[in-house]
Amino acid sequence: MPASRTASRLGLRFFALGYLSMLLLIPVGMIFYRAFEHGAGAAWDAVTTPEALHAFYLTILIAAIAVSANTIFGVGCALLVVRTKFRGKALLNAAIDLPFAISPVVIGLSLYLLYGREGWFGGWLLDNGFQILFSLPGMVLATIFVSLPFVVREVVPVLHEIGDEQEQAAHTLGANWWQTFWRITLPAIRWGVAYGVVLATARALGEFGAVAIVSGRVTGETETAPLWVWREFGQFNLTGAYSASLVLAMLAIGTLLAMNAFRRKEAA
Amino acid sequence: MVAPLPRLGGAALGRGLVTAYLSLIVLIPIAALVAKSTEGGLGEFWDSLTSPLAVSALKLTLIASVIVTLVNVIAGTAIAWVLVRDSFPGKRILNSVIDLPFALPTVVAGITLLALYGTDSPVGINVAFTRAGVVLALLFVTLPFVVRAVQPVLLELDREMEEAAASLGAGPLTTFRRIILPNLTPAILAGAALAFARAIGEFGSLVLLSGNLPRTQVSSLFIFSQIESGNTSGAAAVSVTLLVIALVVLLLIGRLTHWSLRHAR
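Residue numbers (my numbering), protein chains in the order written: chain X, 21 to 288; chain H, 1226 to 1490.
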């Protein structure tokens, strides 16, 4: 290999590593340092106050509901898109991807307008005793919206790849639709589903903009973990903000590990 | 075909349920937004959109997003190249770390950058409350798009073409420009479009970095502040504009990718 090639290779490597370090690795490393700057005790105390614990509880609860709903929808929708023909399929496909193209604040505003007192649904629902905005249902709706495409998008290519010969065979042998799905299709797509669930969960746990608008941000009631971090940082309770950020960052790193594991299983 | 879903009634029911879910979660809320933005007529829509604050926010959003997209095109392609063609210890870990910006909550991304490049920066770089900080945060959250779009194409790329070019006397730069780049262009464009769409709507990572100042107020922050002060029709007008820009960019790039895929060979 000529010397110039080696030089350009090393140059590129240096650039890529430098860019990633400055933008990603060192900043994320700093979170660890900042969280423990005043000792592990202070960090622990900051994230175990009742308000902080409630925020984490709420975040996990909302993510669990939203991801479950989107998983059932995602698998069903992927089956429909891949295994059946119907008019308007291109339109459906475009609609599924919409949440990726919309700003979280815009999503929040849409729900705010729809379920507010003046909104199409809000007035009637409020008159009948259903509070959507500034309470759990609104926050769940916002989180479902932002994490909707992940499972569909991961399962569709897997369904294409496995084909439908086995499903046809099962059907020929007398299996009904549910048996075919449960015994043949689901086992074949399980790692794709798992991958989509992990991505959707990461997105749901971190959702900020949409939830910031629809939740009303009442501390100890409708404040999720990311919103708690925001308020703490704004009030200069830096140890708390950095410690909770560290917990959320650890969740994100756990997500990456799960993604890697599932990707390898999928490839195998 | 349709053997595994033999009952027409079942498929129709599934189609109905999926459409109902999508409508309830996504389509009806967006329809409510569009309705609100045009409630006072097109004149009012235009007035909200052309108020000085809205214009400066939209300008900053677009300029920052274009800068971020261009940087991503170059840096993302270079990183993908290094991850596929180079080998060094720790490459596999580096490869999985690329996705961290997707997994990290956006508000944590903002705090992460402030921890190193904030007011008490240990390296003496302070981008808090500046436009440079806005660009930095957008670079952080959009990092994976181009890398992850280019990487699989580069992996699949036939190296015989490059070797043929090299054996015919082409230098590395010529080989890259004439052989590799044309093959990568559709993927780079697709990644760039996603990065741009993400950048114009980004909110969480900017909310702390921008410090709520007019000079760092991008459109998403403008929308948020308008909602907080009760001006929902103004917020809706800018929201619809952002939405339309994102959709147009994604559609155009989709077309362009399709076109260049057909004309690449």
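Glycine included, each C-beta is placed from N, C-alpha and C at the ideal position.
{"Item": "Chain H within 7 Å of residue 270 of chain X, Cβ atoms only", "Value": "no"}
{"Item": "Helix, strand or coil at residue 180 of chain X [DSSP, three-state]", "Value": "helix"}
{"Item": "Alpha helix (DSSP H) runs contained entirely in the stretch 1342-1412 of chain H, provided each spans 4 or more residues", "Value": "1356-1381, 1384-1392 and 1397-1400"}
{"Item": "Enclosing alpha helix (DSSP H) for residue 1273 of chain H [first to last residue]", "Value": "1266-1274"}
{"Item": "7 Å Cβ cutoff, residue 39 of chain X in contact with chain H", "Value": "yes"}
{"Item": "Neighbourhood of residue 79 of chain X by C-beta distance below 8 Å, restricted to the same chain and skipping five residues each side", "Value": "225, 244, 245 and 246"}
{"Item": "For residue 1236 of chain H and residue 1284 of chain H, the rounded distance between their alpha carbons", "Value": "47 Å"}
{"Item": "Short CB-CB distance (under 7 Å) between residue 1247 of chain H and chain X", "Value": "yes"}
{"Item": "Other residues of its chain near residue 289 of chain X: CB distance less than 6 Å, five sequence neighbours each side excluded", "Value": "The shown model of chain X, from 21 to 288, leaves out residue 289 of chain X, and the question about it has no answer."}
{"Item": "C-beta neighbour in chain X for residue 1272 of chain H, strict 7 Å", "Value": "no"}
{"Item": "Beta carbon proximity, residue 1324 of chain H to chain X, threshold 7 Å", "Value": "yes"}
{"Item": "Beta carbon proximity, residue 1420 of chain H to chain X, threshold 7 Å", "Value": "no"}
{"Item": "Minimum length 4: unbroken alpha helix (DSSP H) runs contained in the stretch 226-277 of chain X", "Value": "229-235 and 245-254"}
{"Item": "Selected residue, minimal CA-CA separation from residue 51 of chain X, among X:90, X:102, X:75 and X:267", "Value": "X:267"}
{"Item": "Contacts around residue 1426 of chain H, its chain only, beta-carbon distance under 7 Å, and the 5 residues preceding and following it disregarded", "Value": "1445, 1467 and 1471"}
{"Item": "Beta-carbon contacts of residue 233 of chain X that lie in its chain and below 7 Å, excluding the five residues immediately before and after", "Value": "125, 128, 129 and 132"}
{"Item": "7 Å Cβ cutoff met for residue 1452 of chain H and residue 1461 of chain H", "Value": "no"}
{"Item": "Cβ of residue 33 of chain X within 7 Å of any chain H Cβ", "Value": "yes"}
{"Item": "Test: residue 70 of chain X CB closer than 7 Å to a CB of chain H", "Value": "no"}
{"Item": "Proximity test, Cβ basis, 7 Å: residue 202 of chain X and chain H", "Value": "no"}
{"Item": "6 Å CB neighbourhood of residue 1423 of chain H in its chain, flanking five on each side removed", "Value": "1367"}
{"Item": "Residue 1179 of chain H vs residue 1286 of chain H beta-carbon contact at 7 Å", "Value": "The requested residue 1179 of chain H is not part of the displayed model; chain H covers only 1226 to 1490."}
{"Item": "Outcome for residue 1261 of chain H when other beta-carbon atoms lying within 10 angstroms are tallied against a minimum of 16", "Value": "buried"}
{"Item": "Minimum length 3: unbroken beta strand (DSSP E) runs contained in the stretch 1274-1308 of chain H", "Value": "none"}
{"Item": "Interface flag, residue 280 of chain X vs chain H, CB-CB below 7 Å", "Value": "yes"}
{"Item": "Residue-chain proximity (residue 50 of chain X, chain H), Cβ-Cβ < 7 Å", "Value": "yes"}
{"Item": "Neighbourhood of residue 146 of chain X by C-beta distance below 7 Å, restricted to the same chain and skipping five residues each side", "Value": "137"}
{"Item": "The stretch 265-284 of chain X touching the stretch 95-102 of chain X, judged by at least three CB pairs closer than 8 Å", "Value": "no"}
{"Item": "Beta carbon of residue 154 of chain X nearer than 7 Å to that of residue 254 of chain X", "Value": "no"}
{"Item": "Assigned exposure category for residue 1324 of chain H - 16 Cβ within 10 Å defines buried", "Value": "buried"}
{"Item": "Best match in X:67, X:40, X:199 and X:74 for proximity to residue 238 of chain X [C-alpha to C-alpha]", "Value": "X:74"}
{"Item": "Limits of the unbroken alpha helix (DSSP H) element including residue 79 of chain X", "Value": "70-103"}
{"Item": "is_contact[residue 140 of chain X, chain H] using C-beta, thresh 7 Å", "Value": "yes"}
{"Item": "Straight-line gap, residue 1259 of chain H to residue 1245 of chain H (C-alpha atoms, nearest Å)", "Value": "20 Å"}
{"Item": "Proximal chain H residues relative to residue 47 of chain X, where beta-carbon distance stays under 8 Å", "Value": "1337, 1338, 1340, 1341, 1342 and 1365"}
{"Item": "Reference residue 66 of chain X, options X:275, X:248, X:269 and X:274, closest by Cα", "Value": "X:248"}
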